[in-house]
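Asks: Residue numbers (our numbering), protein chains in the order written: chain A, 112 to 415; chain B, 112 to 415; chain C, 112 to 415; chain D, 112 to 415.
Note that CB positions come from ideal geometry on N, CA and C, so glycine has one too.
Protein chains: 4
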Amino acid sequence: MNYKKLISAISDELKVLEDKGKVASYIPELKKIDPGKFGLHIATVDNKSYGLGDYNEKFSIQSISKVLALTLAFKIDDNKLWDRVDVEPSGTPFNSMIQLEYEKGIPRNPLINAGALVLCDVLVSHLKNPREEFIEFLRNISGDPNIDYCYKIFESEKQTGFRNAALINLMKSFGNIKNKIETVLDFYYHLCSIEMSCKELSQVFLYLAAKGVHPATKIEVVSPSKSKRINAIMQLCGFYDEAGEFAFTVGLPGKSGVGGGIVAIHPGEFSIAVWSPRLNKKGNSYKGMRILEFLTSKTESSIF
Amino acid sequence: MNYKKLISAISDELKVLEDKGKVASYIPELKKIDPGKFGLHIATVDNKSYGLGDYNEKFSIQSISKVLALTLAFKIDDNKLWDRVDVEPSGTPFNSMIQLEYEKGIPRNPLINAGALVLCDVLVSHLKNPREEFIEFLRNISGDPNIDYCYKIFESEKQTGFRNAALINLMKSFGNIKNKIETVLDFYYHLCSIEMSCKELSQVFLYLAAKGVHPATKIEVVSPSKSKRINAIMQLCGFYDEAGEFAFTVGLPGKSGVGGGIVAIHPGEFSIAVWSPRLNKKGNSYKGMRILEFLTSKTESSIF
Amino acid sequence: MNYKKLISAISDELKVLEDKGKVASYIPELKKIDPGKFGLHIATVDNKSYGLGDYNEKFSIQSISKVLALTLAFKIDDNKLWDRVDVEPSGTPFNSMIQLEYEKGIPRNPLINAGALVLCDVLVSHLKNPREEFIEFLRNISGDPNIDYCYKIFESEKQTGFRNAALINLMKSFGNIKNKIETVLDFYYHLCSIEMSCKELSQVFLYLAAKGVHPATKIEVVSPSKSKRINAIMQLCGFYDEAGEFAFTVGLPGKSGVGGGIVAIHPGEFSIAVWSPRLNKKGNSYKGMRILEFLTSKTESSIF
Amino acid sequence: MNYKKLISAISDELKVLEDKGKVASYIPELKKIDPGKFGLHIATVDNKSYGLGDYNEKFSIQSISKVLALTLAFKIDDNKLWDRVDVEPSGTPFNSMIQLEYEKGIPRNPLINAGALVLCDVLVSHLKNPREEFIEFLRNISGDPNIDYCYKIFESEKQTGFRNAALINLMKSFGNIKNKIETVLDFYYHLCSIEMSCKELSQVFLYLAAKGVHPATKIEVVSPSKSKRINAIMQLCGFYDEAGEFAFTVGLPGKSGVGGGIVAIHPGEFSIAVWSPRLNKKGNSYKGMRILEFLTSKTESSIF
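#1: What is the DSSP secondary structure of His-325 of chain A, counted as helix, strand or coil?
#2: Going by DSSP in three states, Ala-135 of chain A sits in which element: helix, strand or coil?
#3: Which two residues bound the contiguous beta strand (DSSP E) that contains Ile-383 of chain B?
#4: Would you grab the beta carbon distance between Pro-425 of chain B and Asp-197 of chain B for me? Rounded to a whole angstrom, and I think it's under 8 Å.
#5: Beta carbons nearer than 7 Å to chain A: which residues of the stretch 260-289 of chain D have them?
#6: If contact means a Cβ-Cβ distance below 7 Å, which residues of the stretch 209-232 of chain D contact chain A?
#7: When you compare the stretch 319-336 of chain A with the stretch 267-279 of chain A, are there three or more beta-carbon pairs, one atom per stretch, that lie closer than 8 Å?
#8: When Cβ atoms are compared, which residues of the stretch 359-371 of chain B fall closer than 7 Å to chain A?
#9: Sort D:Tyr-262, D:Val-332, D:Ser-236 and D:Gly-132 by Cα distance to Gly-147 of chain D and report the nearest one.
#10: Counting contacts by CB-CB distance shorter than 8 Å, is Val-198 of chain C in contact with chain D?
#11: How would you list, in chain order, the residues of chain A whose beta-carbon sits under 9 Å from the beta-carbon of Gly-355 of chain B?
#12: Would the beta-carbon of Asn-224 of chain A fall within 8 Å of that of Asn-275 of chain A?
#13: Do you know how far the Cα of Cys-348 of chain B is from the Cα of Leu-319 of chain B?
#14: Rounded to whole angstroms, what's the CA-CA distance from Leu-296 of chain A to Leu-228 of chain A? Just pull it up for me.
#15: Based on the DSSP output, what are the partners of Ile-376 of chain A in its beta bridges?
#16: Need the endpoints of the beta strand (DSSP E) that Ile-305 of chain D sits in, please.
#17: Who are Tyr-260 of chain B's beta bridge partners in DSSP?
#18: Output the distance between the C-alpha atoms of Leu-234 of chain B and Ala-184 of chain B, rounded to the nearest integer angstrom.
#19: Helix, strand or coil, according to DSSP, for Ser-396 of chain C in the structure here?
#20: List the endpoints of the continuous beta strand (DSSP E) containing Tyr-213 of chain B.
#21: The beta strand (DSSP E) spanning Ser-413 of chain B covers which residue range?
#22: Per the DSSP calculation, Tyr-161 of chain C is bridged to which residue(s)?
#23: Thinking C-beta only, is Met-112 of chain A closer than 8 Å to His-211 of chain A?
#24: Would you call the stretch 167-187 of chain D in contact with the stretch 369-385 of chain D, where contact means no fewer than 3 C-beta pairs closer than 8 Å?
#25: Return the chain-ordered list of same chain residues with a C-beta closer than 7 Å to the C-beta of Pro-417 of chain B, the five sequence neighbours on each side being excluded.
#26: Is the shortest distance between the beta-carbon of Lys-339 of chain C and the beta-carbons of chain D less than 8 Å?
#27: Can you tell me whether DSSP reads Phe-350 of chain B as helix, strand or coil?
#28: Could you tell me whether any non-hydrogen atom of the ligand NAP is closer than 7 Å to the CB of Val-361 of chain A?
#29: In this structure, what does DSSP give as the bridge partners for Gly-371 of chain B?
#30: Are Pro-200 of chain D and Ala-384 of chain C closer than 8 Å when you measure CB to CB?
#31: How would you call Lys-417 of chain B, buried or exposed, if buried means at least 16 neighbouring beta carbons within 10 angstroms?
#32: So the candidates are A:Leu-390, A:Gly-399 and A:Glu-244; which of them puts its Cα closest to the Cα of Pro-256 of chain A?
#33: Using DSSP's beta-bridge definition, name the partner residues of Arg-389 of chain D.
#34: Name the residues in the stretch 375-387 of chain B whose C-beta lies less than 7 Å from a C-beta of chain A; which are they?
#35: When you compare only the Cα positions, how much space is there between Met-345 of chain C and Tyr-262 of chain B?
Structure (structure tokens):
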């Protein structure tokens with residue numbers, strides 16, 4: 112693939128692409144962001160790197176970090192993990208509490224909030240200093256020592272997280288949370304507060320395009336089989352209520368965050384990160400979705 | 112890929128693989144089947160063909176035909192189709208009626224019963240003789256004039272289809288069914304009653320492994336973009352409540368039927384059909400799932 | 112109680128009471144009604160009779176007839192009935208399909224549509240000519256030979272009843288409908304089409320104010336124990352999603368219909384029927400509710 | 112009514128009545144109770160008093176105290192209360208979280224846990240020392256200075272209350288809780304921990320049989336209109352998922368608690384408290400329900 116030509120075509124497309132939607136406003140810190148920001152970065156399995164726009168600017172990756180928590184929890188806890196969280200799509204957003212209640216505290220998948228809370232519980236059980244060890248894990252994968260939490264975001268999340276508190280208490284009532292609720296929630300809000308640039312993000316995720324081994328650092332982050340499975344989970348569960356839409360129009364496994372970031376993987380080829388803060392009605396970056404659709408149409412790079 | 116060695120490895124695996132589950136019993140005709148039957152057939156994009164076991168024996172493909180109805184409806188009705196049916200996974204089976212009610216008569220996707228009823232409504236609106244034209248469409252794709260309905264199955268389905276009648280009436284109450292209920296249901300039960308062998312099935316589906324153009328007949332069944340999208344829908348919605356499990360363990364787009372058949376697609380490579388009548392608790396062929404998992408582990412042929 | 116003074120006070124109240132809401136429009140026949148109509152009639156256990164406004168004009172009693180179907184089915188089928196239908200309030204209207212699915216085809220109570228369909232199934236099983244015998248039953252109770260079905264309403268209901276068809280098919284799929292769907296639905300739509308005036312309505316229902324024995328005809332319609340139980344069911348389930356509101360503000364067992372009629376019972380004292388076609392958002396007569404609230408506040412005649 | 116003869120008949124009935132069900136076990140303190148305990152006490156509006164069995168022994172009244180919290184909150188906050196909590200029955204127990212989510216944090220009624228948490232929030236907003244003032248309120252009504260909290264029960268509830276924490280957090284996320292979650296929960300668990308004997312319980316509740324004025328102390332606890340409305344709410348919502356069953360078989364407004372207590376009101380006549388620790392599947396006292404059914408059949412004292 113001629114990535115340079117691709118970046119140039121995307122740049123042209125951006126000039127005509129309207130931008131719609133609203134910046135996430137449920138926490139004050141996210142509301143402050145300039146809605147006109149746009150970044151895109153591609154990292155290839157042969158260690159090439161292509162950026163566009165604000166690709167070096169850090170933003171709040173929010174739920175995208177769930178995939179990284181899944182990677183570490185899956186690595187540590189192996190298949191026992193799947194007794195406590197399923198791998199199925201979650202259906203309508205309306206259903207979050209309903210399904211958790213109907214399915215007796217077992218979240219549908221690890222990429223919805225309830226599922227990520229279980230991941231956090233697993234990590235809290237296995238790690239001595241979850242907060243430090245987790246961020247160290249990300250720095251090691253990527254070889255990038257600058258990745259870090261943002262404490263303003265962390266505080267903001269913590270003060271408004273009543274729905275997450277509801278979810279974790281409901282799961283605890285079913286026996287699916289082992290540690291103290293406060294400890295798990297504290298770690299969870301740390302997860303939500305990680306900041307990266309598009310460049311960092313695409314580089315951290317590159318192991319999922321390379322059967323689990325990071326092409327730059329040569330670290331085996333996870334086994335090939337687990338790498339494949341994490342991609343499968345992203346494909347089916349990475350976009351809340353819009354997983355089907357993303358598979359349908361983009362056709363790559365990926366994960367979005369309410370900070371406006373999206374990461375997507377073409378196994379064997381590249382990982383890509385885009386960032387544009389305005390969100391569509393389903394909570395995914397409006398422009399990010401559209402640009403990824405443009406990219407895969409242009410390059411016919413869907414996995415399907 | 113060395114398909115002959117693969118078939119031989121599968122043959123060995125079958126000797127040690129236990130068989131569990133129950134043959135579908137909701138209609139008498141399906142109950143009569145010998146549960147020990149097993150067939151498998153691979154058709155490749157370069158027109159090679161590899162079979163194992165009862166791969167030439169016809170069986171009831173049941174819901175697998177929904178993908179074929181989707182193909183024809185998508186071809187005819189293009190994007191207007193997606194105003195009447197969504198492309199999202201359906202969540203729990205318990206939800207079928209609930210989601211249809213909550214989402215005002217719009218089915219979650221075209222591969223659940225409610226969605227396929229909408230496809231039938233579309234086809235009844237556009238075709239003069241839906242029953243004849245649809246089977247002719249399948250015969251043309253595959254170049255196989257023997258594909259046909261089974262009238263015993265048709266009658267059996269019709270007499271026990273109260274839940275389908277409930278679904279279509281609910282959708283009609285929301286205005287999402289345009290034709291007479293009896294006409295649409297009649298066509299729907301025809302769809303459910305199609306019989307094919309594993310060989311026929313893998314050959315009919317080969318266009319989805321080849322960007323929409325059937326490698327044998329050279330017919331462009333659908334455009335490359337639509338072919339990709341149909342695969343994406345299969346990946347996310349092809350296995351009822353077990354779509355995630357199938358993506359997780361097998362990693363290919365596919366579709367199952369309660370007759371014990373499964374078809375799966377490796378884009379650019381092959382289509383495969385397996386048949387084994389015993390079903391797991393989610394209604395998918397127990398042995399079929401296990402053999403496809405074995406195959407993709409063996410060949411690392413997942414799309415992820 | 113001085114009923115004459117009461118009627119006069121209501122007459123005064125009506126002059127200042129605004130009228131809100133909309134006439135039912137889901138079938139054309141109901142839409143034609145003059146929204147300004149108002150009738151009220153009280154029949155006492157000592158055979159006194161007090162009317163106001165259009166109390167002699169016939170209107171479509173709609174769902175109010177469900178209580179009469181319950182009376183006859185309960186009389187005939189006794190306690191076996193309660194294996195097929197529960198006696199609990201139904202919760203939100205959104206839940207109709209959900210609860211039926213969750214509770215495996217057993218309706219929450221006999222006064223919602225699903226429950227009344229089960230009553231119809233029971234009556235179809237036990238009566239030779241359900242249509243004739245049912246209307247005869249009403250004529251006998253009240254001593255009024257003029258009570259009858261309205262065939263225009265019947266036809267109208269039948270042509271738009273897709274949701275009822277969905278409910279009955281769903282119940283049939285669970286085995287909770289014994290007769291042919293068409294037969295039961297036909298009888299159900301007859302039930303919906305009965306016409307009475309406020310005077311007739313309050314007289315027919317008088318047995319529920321008198322422990323099951325009709326004060327005028329001396330017929331024991333049901334036993335005292337069953338009469339008490341029918342009143343209890345009306346109290347908890349007679350106003351769809353507004354049963355609590357009616358108990359809270361009026362405090363009498365009663366039943367409403369989308370034709371704008373409401374009947375209410377003060378055990379040991381009287382039965383009352385009001386009619387005013389404009390409905391509030393929950394589908395109950397706006398003015399009817401307000402006038403009954405006025406009446407029970409005025410007379411302190413609540414059962415609580 | 113000859114209460115002495117009635118008590119004697121109940122005494123005979125108890126000899127032949129089997130006892131079924133299980134003592135509540137979700138908190139250790141409740142599990143310790145002797146399942147063979149039985150108490151019954153009737154307090155009449157003319158200040159007569161009739162007891163049977165262990166009617167002077169204190170037990171944990173649990174949810175019965177919700178009616179007392181409702182009384183005080185309704186008295187203080189008047190009709191504004193009903194913007195934050197509805198007066199409708201709750202439907203299936205499965206629905207608790209679902210309805211709260213569907214109805215955007217507004218509980219169906221004040222007698223389910225979510226509703227009582229709103230009552231507690233109201234009381235915390237209006238009272239200086241909610242804990243002291245509430246117990247004082249009960250002592251004043253009844254003229255009984257011995258009514259108190261049980262701190263073992265309180266601690267036990269607090270440590271296992273994850274589901275209540277889930278409910279209150281969900282409501283807080285919708286803005287329907289004004290105070291700090293910890294403060295409201297602390298008061299709520301106090302409510303759950305009140306202990307009374309059958310004698311005390313029937314005496315405290317006597318104002319609801321006497322239009323709001325307590326016959327012994329002559330205190331106007333609430334207005335006649337509010338007393339009537341509290342009875343209506345008890346009738347429709349006092350027995351969780353078995354409100355209809357209780358209305359159907361007993362026919363009096365009442366409230367149960369998982370400690371095995373039930374209180375019921377015959378307006379204008381008496382209040383009655385029964386206590387028997389074994390619970391039926393719906394969480395209501397098995398023997399308590401049966402004895403109240405016997406009593407109202409015997410005396411024909413239903414309100415219907």
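Replies: For this structure:
#1: coil
#2: coil
#3: 381-386
#4: Outside the modelled stretch of chain B, which goes from 112 to 415, sits residue 425 of chain B, for which no answer is possible.
#5: Phe-273, Arg-274, Ala-276, Ala-277, Asn-280, Leu-281, Lys-283 and Ser-284
#6: Ile-209 and Glu-212
#7: no
#8: Phe-359, Gly-362 and Pro-364
#9: D:Gly-132
#10: yes
#11: Asp-197, Val-198, Glu-199, Pro-200, Arg-219, Asn-220, Ala-343, Ile-344, Leu-347 and Cys-348
#12: yes
#13: 16 Å
#14: 7 Å
#15: A:Ser-382
#16: 305-307
#17: B:Ile-305
#18: 6 Å
#19: strand
#20: Taken as a continuous stretch (DSSP letters only), Tyr-213 of chain B belongs to no beta strand (DSSP E), being part of the alpha helix (DSSP H) at 207-213.
#21: Neither: Ser-413 of chain B is in no beta strand (DSSP E) and is coded neither H nor E.
#22: C:Ile-153
#23: The identity of residue 211 of chain A in the sequence shown is Leu, whereas the question assumes His. Cβ atoms of Leu-211 of chain A and Met-112 of chain A: not closer than 8 Å.
#24: yes
#25: Residue numbering for chain B in the displayed model covers 112 to 415; residue 417 of chain B lies beyond these limits and cannot be assessed.
#26: yes
#27: coil
#28: Among the components modelled here there is no ligand, and therefore nothing to report on the ligand NAP.
#29: Answer is none; Gly-371 of chain B lacks a bridge partner.
#30: no
#31: The requested residue 417 of chain B is not part of the displayed model; chain B covers only 112 to 415.
#32: A:Glu-244
#33: D:Val-134
#34: Pro-378
#35: 49 Å
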